[in-house]
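Enquirer: Pasting a structure here, questions to come.
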Amino acid sequence: MIILGIETSCDDTAAAVLRDGHEIMSNVISSQEAYHAKYGGIVPEIASRRHQENIIPVISEALERAGVTLDGIDGISVTKGPGLAGSLLVGLNVAKAIAYSRTLPLIGINHLEGHLLAPHLAGEVPMPNVTLVVSGGHTNLYHVQGIGSYSLLGGTRDDAAGEAFDKVAKMLNLGYPGGVVIDRLAAEGDPEAIRFPRPMLKDENHEFSFSGLKTAVRNYIVACGLETITAEHLHNLAASFQEAVVEILVKKTIRAARQLGVNALAVCGGVACNSRLRAHMQEQGSAAGLEVLLPPPVLCTDNAAMIALAGFHRISRGEVSSFPFDLNASSRLPL
Ligand code: KG4
Ligand code: ZN
């Protein structure tokens with residue numbers, strides 16, 4: 189079964205072709221970063237307009253790279269939420285139009301289910317497991333019992349981890365999105381140089397909070413004076429902030445895995461690209477006797493292959509949207 193996946197929930201226009209739930213025939217992502225960077229964050233109106241311009245060329249390229257035409261597609265899988273309503277609607281409407289004109293099954297997918305399943309595109313994933321979805325919009329821990337069977341253990345009470353990375357980067361005038369810049373600067377810094385708080389680290393629940401940490405960094409920058417921060421100081425600041433986030437994510441994920449008695453943990457979502465997070469999760473997870481699954485970065489950030497995979501499983505179970513043309517975008521859609 190060949191599925192065309194379409195993802196437009198945020199600022200990446202993405203399409204992918206997936207064969208039989210494992211072979212990524214193509215995975216095309218058109219980033220809008222350059223259009224939003226000067227505003228220091230995503231401008232929803234610009235995002236939806238760019239999606240409109242990009243979506244057809246991106247789908248065409250995905251089909252071309254996969255070496256198929258629409259005649260070879262067996263089903264369409266599209267993100268229906270959560271995300272920016274105006275962005276989601278672009279992908280949804282194109283998906284509906286293709287499904288209608290080709291009489292193809294159409295399934296709407298929760299973006300978070302896509303992220304959760306991304307590790308499966310990189311190899312065998314033991315189940316049950318604990319999976320951390322850590323992105324610009326979410327920081328959620330799930331107990332994954334099987335494909336389609338997820339229990340949310342806890343999420344963030346305020347900012348997502350990626351949002352904290354982006355906001356700290358903005359305070360330091362490092363541009364948008366900031367996670368990758370902080371990661372790079374931190375590589376040359378001392379993670380113990382500044383002791384930032386680790387909110388909710390000791391709490392015996394599976395929830396997170398990053399807004400207090402972000403404020404602590406802001407207060408620190410104000411106290412020093414941004415203009416006095418030297419390159420070395422900046423590296424130490426980035427490394428120390430990153431260390432606080434990483435310690436919280438690693439310890440709470442491993443603790444959840446132990447409490448639930450699973451043998452494996454997985455990390456996905458854009459922040460799963462972070463090199464320190466990957467290294468520490470791998471090292472400390474293995475030391476705790478857990479198999480640690482970290483998909484390659486291209487499958488951690490937003491992509492349509494993960495949406496196609498979620499759609500593949502749902503369509504295989506006969507779960508198509510029965511009134512596909514009523515399918516609507518949901519900016520808030522829990523999983
Ligand atoms: O999954 P994603 O592409 O989009 C959302 O669904 O949010 O995640 C984007 C987030 C941004 O906040 C970005 O700063 C963060 O992932 N990110 C990183 C790194 N690469 C991307 N954060 C820390 N270190 C990185 N290397
Ligand atoms: Zn995402």
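Every letter in the sequence shown is one number past the one before it in my numbering, and letter 198, counting from 1, is 386.
The beta-carbon is built from N, C-alpha and C at its ideal position, and this holds for glycine as well.
So Pro270 packs on His299, CB below 8 Å; how close in whole Å?
Expert: For the purposes of this step, residue 270 is taken as residue 82 along the sequence shown, with counting starting at 1. For the purposes of this step, residue 299 is taken as residue 111 along the sequence shown, with counting starting at 1. So it is a contact: roughly 6 Å between Cβ atoms.
Enquirer: DSSP three-state label for Tyr364, please.
Expert: On the sequence shown, residue 364 is found 176 positions in, with the first residue counted as 1. If DSSP states are grouped into helix, strand and coil, Tyr364 belongs with coil.
Enquirer: For Arg207, list the residues DSSP reports as bridge partners.
Expert: Locating residue 207 in the sequence shown gives position 19, where the first residue counts as 1. The partner list for Arg207 (beta bridge, DSSP) reads Ile190, Glu211.
Enquirer: Please report how far the alpha carbon of Gly274 lies from the alpha carbon of Ser474, in whole angstroms.
Expert: Taking the sequence shown and counting its residues from 1, the one referred to as residue 274 is at position 86. Taking the sequence shown and counting its residues from 1, the one referred to as residue 474 is at position 286. Answer to the nearest angstrom: the Cα atoms are 42 Å apart.
Enquirer: Under the rule that 16 or more other beta-carbon atoms within 10 Å means buried, what is Ala419, buried or exposed?
Expert: Here residue 419 corresponds to residue number 231 of the sequence shown, with the count starting at 1. Exposed, because fewer than 16 other Cβ atoms sit within 10 Å of the Cβ of Ala419.
Enquirer: For Ala476, name the three-state secondary structure that DSSP assigns.
Expert: To locate residue 476, count along the sequence shown from 1; it is residue 288. It is coil, neither helix nor strand.
Enquirer: From the DSSP output, in three-state form, read off Asn398 for me.
Expert: Position 210 of the sequence shown, counted from the first residue, corresponds to residue 398. Here residue 398 turns out to be Phe, not Asn, going by the sequence shown. Coil.
Enquirer: Please classify Gly334 as buried or exposed, where buried requires at least 16 neighbouring CB atoms within 10 angstroms.
Expert: As a first step, residue 334 must be located in the sequence shown, where it is residue number 146. Label assigned to Gly334: exposed.
Enquirer: Can you grab the Cα-Cα spacing for the pair Lys284 / Val322, in whole Å?
Expert: Here residue 284 refers to the residue found at position 96 when the sequence shown is read from its first residue. Here residue 322 refers to the residue found at position 134 when the sequence shown is read from its first residue. In a straight line, the C-alpha of Lys284 is about 29 Å away from that of Val322.
Enquirer: Start and end of the alpha helix (DSSP H) containing Leu548?
Expert: Here the chain has residues from 189 to 523 only, and residue 548 is not among them.
Enquirer: Assign Val205 to buried or exposed, taking buried as 16 or more other Cβ atoms, counted over all protein chains shown, within 10 Å of its Cβ.
Expert: Mapped onto the sequence shown, residue 205 falls at position 17. By the 10 Å Cβ count, Val205 comes out buried.
Enquirer: The alpha helix (DSSP H) spanning Thr267 covers which residue range?
Expert: Here residue 267 refers to the residue found at position 79 of the sequence shown. That residue, Thr267, is in no alpha helix (DSSP H); its beta strand (DSSP E) goes 263–269.
Enquirer: Using a strict less-than 5 Å threshold between each residue's beta carbon and the heavy atoms of ligand 1, what residues do you get?
Expert: With the cut-off at 5 Å, the residues found are Ser323, Gly324, Gly325, Gly350, Phe353, Asp354, Pro365, Gly367, Val368, Asp371, Gly457, Gly458, Val459, Cys461, Asn462, Thr489, Asp490.
Enquirer: Helix, strand or coil: how does DSSP classify Ile417 here?
Expert: Locating residue 417 in the sequence shown gives position 229, where the first residue counts as 1. Coil, per DSSP.
Enquirer: Please report the straight-line C-alpha distance between His331 and Ala454, rounded to a whole angstrom.
Expert: As a first step, residue 331 is located in the sequence shown; it is residue number 143 there, counting from the start. As a first step, residue 454 is located in the sequence shown; it is residue number 266 there, counting from the start. If I take the Cα positions, the gap works out to 10 Å.
Enquirer: Distance check for Ile409 and Ser265, CA to CA, integer angstroms please.
Expert: For the purposes of this step, residue 265 is identified with residue 77 of the sequence shown, where counting begins at 1. For the purposes of this step, residue 409 is identified with residue 221 of the sequence shown, where counting begins at 1. Using only the alpha carbons, I get a separation of about 45 Å.
Enquirer: Could you pull out every unbroken alpha helix (DSSP H) segment of at least 4 residues lying fully inside the segment 309–379, listed in chain order?
Expert: Qualifying alpha helix (DSSP H) stretches, in chain order: 349–359, 367–374.
Enquirer: State yes or no: is the C-beta of His299 nearer than 7 Å to some heavy atom of ligand 3?
Expert: Of the ligands this structure carries, namely ligand 1 and ligand 2, none is ligand 3.
Enquirer: In chain order, what residues of the same chain have a beta carbon less than 7 Å from the beta carbon of Thr327, not counting five sequence neighbours either side?
Expert: For this step, residue 327 is matched to residue 139 along the sequence shown. Around Thr327: Gly343, Thr344, Ala348, Ala349, Phe396.
Enquirer: Name the DSSP beta bridge partners of Ala452, please?
Expert: In the sequence shown, residue 452 corresponds to position 264, counting from 1. Paired residues: Glu479.
Enquirer: In this structure, does DSSP put Leu515 in helix, strand or coil?
Expert: The count along the sequence shown starts at 1 and reaches residue 515 at position 327. Coil.
Enquirer: Would you please state the rounded distance, in angstroms, between the beta carbons of Gly377 and Ala426? I believe it to be under 8 Å.
Expert: To locate residue 377, count along the sequence shown from 1; it is residue 189. To locate residue 426, count along the sequence shown from 1; it is residue 238. The Cβ separation is near 6 Å, so the contact holds.
Enquirer: Counting beta carbon pairs with one atom in the segment 438–458 and one in the segment 304–317, are three or more of them shorter than 8 Å?
Expert: In short, these stretches touch, since the Cβ pair count reaches three.
Enquirer: Need the endpoints of the alpha helix (DSSP H) that Tyr288 sits in, please.
Expert: Taking the sequence shown and counting its residues from 1, the one referred to as residue 288 is at position 100. Looking at the DSSP string, the run of the alpha helix (DSSP H) that includes Tyr288 is 273–290.
Enquirer: For His147, is the beta carbon positioned less than 7 Å from some heavy atom of ligand 2?
Expert: In the structure as shown, the chain starts at 189 and stops at 523, and residue 147 therefore has no counterpart that could be examined.
Enquirer: With H, G and I counted as helix, E and B as strand and the rest as coil, what does DSSP make of Ile217?
Expert: For the purposes of this step, residue 217 is identified with residue 29 of the sequence shown, where counting begins at 1. It is a strand residue.
Enquirer: So, are the CB atoms of Ala222 and Asn491 less than 8 Å apart?
Expert: Residue numbering aside, residue 222 sits at position 34 when the sequence shown is read from its first letter. Residue numbering aside, residue 491 sits at position 303 when the sequence shown is read from its first letter. Not in contact: Ala222 and Asn491 (Cβ atoms no closer than 8 Å).
Enquirer: My output table needs one value for Thr201: the three-state DSSP class, helix, strand or coil.
Expert: Translated into the one-based positions of the sequence shown, residue 201 becomes position 13. Strand, per DSSP.
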